[in-house]
Amino acid sequence: MHWGPEVPEALAAGALDGLMDNVDSGYMLKVHEAAPNVLVSKDLWLGHVYPLAMNKQVWDELAQEDKDAVHRATETSYQSLGSTMDESFNTQLDDLRAAGASVRILDRREVERWAADIGYREIQSAWVRSQEAKGVAGVGATLDAVTSIMTEMAG
(Lines of atoms letter the chains of each structure in order from A and count residues from 1; the text may use other names and numbers.)
(Lines give C-alpha, C1' and ligand atoms only; values in the text may rest on other atoms or scores of the structure.)
Protein backbone atom coordinates (compact mmCIF):
# COMPACT_ATOMS: atom_id res chain seq x y z
CA MET A 1 0.00 0.00 0.00
CA HIS A 2 1.26 3.46 -0.83
CA TRP A 3 2.43 5.36 2.25
CA GLY A 4 0.11 8.33 2.43
CA PRO A 5 -3.51 9.16 3.21
CA GLU A 6 -4.44 5.66 2.02
CA VAL A 7 -3.08 4.21 5.27
CA PRO A 8 -5.40 5.95 7.76
CA GLU A 9 -8.26 5.52 5.27
CA ALA A 10 -7.61 1.76 5.18
CA LEU A 11 -7.51 1.66 8.99
CA ALA A 12 -10.81 3.56 9.21
CA ALA A 13 -12.40 1.23 6.63
CA GLY A 14 -11.14 -1.89 8.38
CA ALA A 15 -8.94 -2.94 5.44
CA LEU A 16 -5.97 -2.74 7.85
CA ASP A 17 -6.21 -4.08 11.38
CA GLY A 18 -3.19 -2.25 12.62
CA LEU A 19 0.08 -0.67 11.69
CA MET A 20 3.68 -0.84 12.83
CA ASP A 21 5.37 2.43 12.16
CA ASN A 22 7.66 5.10 13.53
CA VAL A 23 5.77 7.33 15.94
CA ASP A 24 6.49 10.51 13.98
CA SER A 25 5.34 9.08 10.64
CA GLY A 26 2.10 7.75 12.08
CA TYR A 27 1.45 11.04 13.82
CA MET A 28 2.06 13.04 10.65
CA LEU A 29 -0.56 10.93 8.82
CA LYS A 30 -2.92 11.24 11.80
CA VAL A 31 -3.19 7.45 11.98
CA HIS A 32 -4.22 7.81 15.64
CA GLU A 33 -7.53 9.31 14.50
CA ALA A 34 -8.51 6.01 12.89
CA ALA A 35 -6.59 3.75 15.29
CA PRO A 36 -6.46 5.50 18.68
CA ASN A 37 -4.93 2.61 20.65
CA VAL A 38 -1.19 3.08 20.35
CA LEU A 39 1.43 0.69 21.72
CA VAL A 40 4.98 2.01 21.58
CA SER A 41 8.49 0.94 22.43
CA LYS A 42 11.88 2.40 21.77
CA ASP A 43 12.89 -1.18 21.03
CA LEU A 44 10.51 -1.13 18.06
CA TRP A 45 10.78 2.52 17.07
CA LEU A 46 13.53 3.25 14.57
CA GLY A 47 13.95 6.85 15.63
CA HIS A 48 17.52 7.41 14.64
CA VAL A 49 19.77 9.35 12.35
CA TYR A 50 19.10 8.29 8.80
CA PRO A 51 21.51 5.62 7.69
CA LEU A 52 24.43 6.29 5.45
CA ALA A 53 23.96 3.99 2.49
CA MET A 54 26.70 3.12 0.09
CA ASN A 55 27.44 0.41 -2.41
CA LYS A 56 29.34 -2.44 -0.72
CA GLN A 57 32.03 -2.38 -3.39
CA VAL A 58 32.61 1.32 -2.71
CA TRP A 59 32.73 0.64 1.04
CA ASP A 60 35.17 -2.22 0.56
CA GLU A 61 37.43 0.04 -1.49
CA LEU A 62 37.56 2.80 1.14
CA ALA A 63 40.77 3.22 3.07
CA GLN A 64 40.50 1.95 6.65
CA GLU A 65 40.94 5.51 7.94
CA ASP A 66 37.84 6.56 5.97
CA LYS A 67 35.83 3.62 7.32
CA ASP A 68 36.98 4.56 10.81
CA ALA A 69 35.89 8.16 10.19
CA VAL A 70 32.39 6.99 9.20
CA HIS A 71 32.16 4.90 12.38
CA ARG A 72 33.34 7.86 14.52
CA ALA A 73 30.81 10.16 12.87
CA THR A 74 28.06 7.66 13.62
CA GLU A 75 29.04 7.42 17.27
CA THR A 76 29.28 11.20 17.59
CA SER A 77 25.84 11.64 16.02
CA TYR A 78 24.21 9.14 18.34
CA GLN A 79 25.90 10.65 21.41
CA SER A 80 25.00 14.22 20.53
CA LEU A 81 21.47 13.54 19.27
CA GLY A 82 20.41 10.86 21.74
CA SER A 83 18.81 13.21 24.26
CA THR A 84 17.08 15.17 21.48
CA MET A 85 15.69 11.96 20.03
CA ASP A 86 14.50 10.83 23.48
CA GLU A 87 12.85 14.19 24.12
CA SER A 88 11.22 14.14 20.70
CA PHE A 89 9.86 10.65 21.37
CA ASN A 90 8.23 11.73 24.64
CA THR A 91 6.87 14.92 23.08
CA GLN A 92 5.29 12.89 20.29
CA LEU A 93 3.64 10.59 22.82
CA ASP A 94 2.32 13.63 24.71
CA ASP A 95 0.95 15.00 21.43
CA LEU A 96 -0.79 11.69 20.71
CA ARG A 97 -2.36 11.68 24.16
CA ALA A 98 -3.50 15.30 23.73
CA ALA A 99 -5.09 14.28 20.42
CA GLY A 100 -7.14 11.64 22.23
CA ALA A 101 -5.07 8.52 21.64
CA SER A 102 -4.60 5.90 24.31
CA VAL A 103 -0.83 5.39 24.51
CA ARG A 104 0.89 2.58 26.36
CA ILE A 105 4.63 1.90 26.43
CA LEU A 106 5.50 -1.76 26.09
CA ASP A 107 8.02 -3.27 28.47
CA ARG A 108 10.97 -5.31 27.20
CA ARG A 109 9.26 -8.68 27.88
CA GLU A 110 6.23 -7.64 25.83
CA VAL A 111 8.45 -6.66 22.91
CA GLU A 112 10.30 -9.99 23.05
CA ARG A 113 7.01 -11.91 23.25
CA TRP A 114 5.60 -9.90 20.35
CA ALA A 115 8.67 -10.60 18.20
CA ALA A 116 8.35 -14.32 18.94
CA ASP A 117 4.57 -14.42 18.45
CA ILE A 118 4.45 -12.71 15.08
CA GLY A 119 7.05 -15.05 13.59
CA TYR A 120 8.66 -12.29 11.60
CA ARG A 121 11.62 -14.49 10.67
CA GLU A 122 9.25 -16.98 9.03
CA ILE A 123 7.46 -14.12 7.26
CA GLN A 124 10.79 -12.79 5.98
CA SER A 125 11.78 -16.26 4.76
CA ALA A 126 8.48 -16.66 2.93
CA TRP A 127 8.97 -13.26 1.32
CA VAL A 128 12.49 -14.23 0.19
CA ARG A 129 11.14 -17.46 -1.33
CA SER A 130 8.38 -15.55 -3.14
CA GLN A 131 10.87 -13.04 -4.56
CA GLU A 132 13.27 -15.77 -5.65
CA ALA A 133 10.36 -17.60 -7.32
CA LYS A 134 9.79 -14.42 -9.34
CA GLY A 135 13.42 -14.53 -10.46
CA VAL A 136 14.75 -11.81 -8.18
CA ALA A 137 18.37 -12.76 -7.52
CA GLY A 138 20.24 -12.25 -4.26
CA VAL A 139 17.24 -11.50 -2.04
CA GLY A 140 18.20 -14.01 0.65
CA ALA A 141 21.80 -12.82 0.77
CA THR A 142 20.68 -9.20 0.97
CA LEU A 143 18.25 -9.90 3.81
CA ASP A 144 20.97 -11.84 5.64
CA ALA A 145 23.38 -8.91 5.25
CA VAL A 146 20.80 -6.39 6.52
CA THR A 147 19.94 -8.67 9.45
CA SER A 148 23.62 -8.97 10.31
CA ILE A 149 24.09 -5.20 10.24
CA MET A 150 20.99 -4.59 12.38
CA THR A 151 22.11 -7.23 14.88
CA GLU A 152 25.56 -5.67 15.07
CA MET A 153 24.10 -2.17 15.55
CA ALA A 154 21.73 -3.38 18.28
CA GLY A 155 24.66 -4.80 20.20
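Quick note on numbering: the sequence shown equals residues 9 to 163 in the working numbering. Here a beta-carbon is modelled for each residue, glycine too, at the ideal position from N, C-alpha and C.
DSSP three-state call for serine 110: helix, strand or coil? For the purposes of this step, residue 110 is taken as the residue at position 102 of the sequence shown. In the structure shown, serine 110 sits in a strand (DSSP, three-state: E or B).
Do you know how far the Cα of glutamate 130 is from the Cα of aspartate 51? Within the sequence shown, the letter at position 43 stands for residue 51. Within the sequence shown, the letter at position 122 stands for residue 130. Cα-Cα distance, rounded: 20 angstroms.
State yes or no: is the C-beta of leucine 39 within less than 9 angstroms of the C-beta of glutamine 100? Locating residue 39 in the sequence shown gives position 31, where the first residue counts as 1. Locating residue 100 in the sequence shown gives position 92, where the first residue counts as 1. Reading off the sequence, residue 39 comes out as valine, not leucine. Cβ distance not < 9 angstroms, so valine 39 and glutamine 100 don't count as in contact.
Going by DSSP, what residue range makes up the beta strand (DSSP E) through leucine 47? Position 39 of the sequence shown, counted from the start, is the residue given in the question as residue 47. Segment 45-48, the beta strand (DSSP E) holding leucine 47.
Can you grab the Cα-Cα spacing for the pair alanine 42 / tryptophan 11, in whole Å? Taking the sequence shown and counting its residues from 1, the one referred to as residue 42 is at position 34. Taking the sequence shown and counting its residues from 1, the one referred to as residue 11 is at position 3. Spanning the two alpha carbons is a distance of roughly 15 angstroms.
Going by DSSP in three states, histidine 10 sits in which element: helix, strand or coil? Your numbering for residue 10 matches position 2 in the sequence shown. The answer is coil: DSSP assigns histidine 10 none of H, G, I, E or B.
For valine 119, three-class secondary structure by DSSP: Numbered from its first residue, the sequence shown carries residue 119 at position 111. DSSP places valine 119 in helix when its eight states are reduced to three.
Taking the straight line between their C-alpha atoms, what separation do you get for aspartate 103 and aspartate 68? Reading the sequence shown from its first residue, position 95 is the one you call residue 103. Reading the sequence shown from its first residue, position 60 is the one you call residue 68. Computed Cα separation, rounded: 44 angstroms.
With 16 other Cβ atoms within 10 Å as the buried cut-off, status of glycine 34: For the purposes of this step, residue 34 is identified with residue 26 of the sequence shown, where counting begins at 1. Buried, by the Cβ-count rule.
At the level of alpha carbons, what is the spacing between alanine 106 and leucine 70? The count along the sequence shown starts at 1 and reaches residue 106 at position 98. The count along the sequence shown starts at 1 and reaches residue 70 at position 62. Each residue's Cα considered, the two are about 48 angstroms apart.
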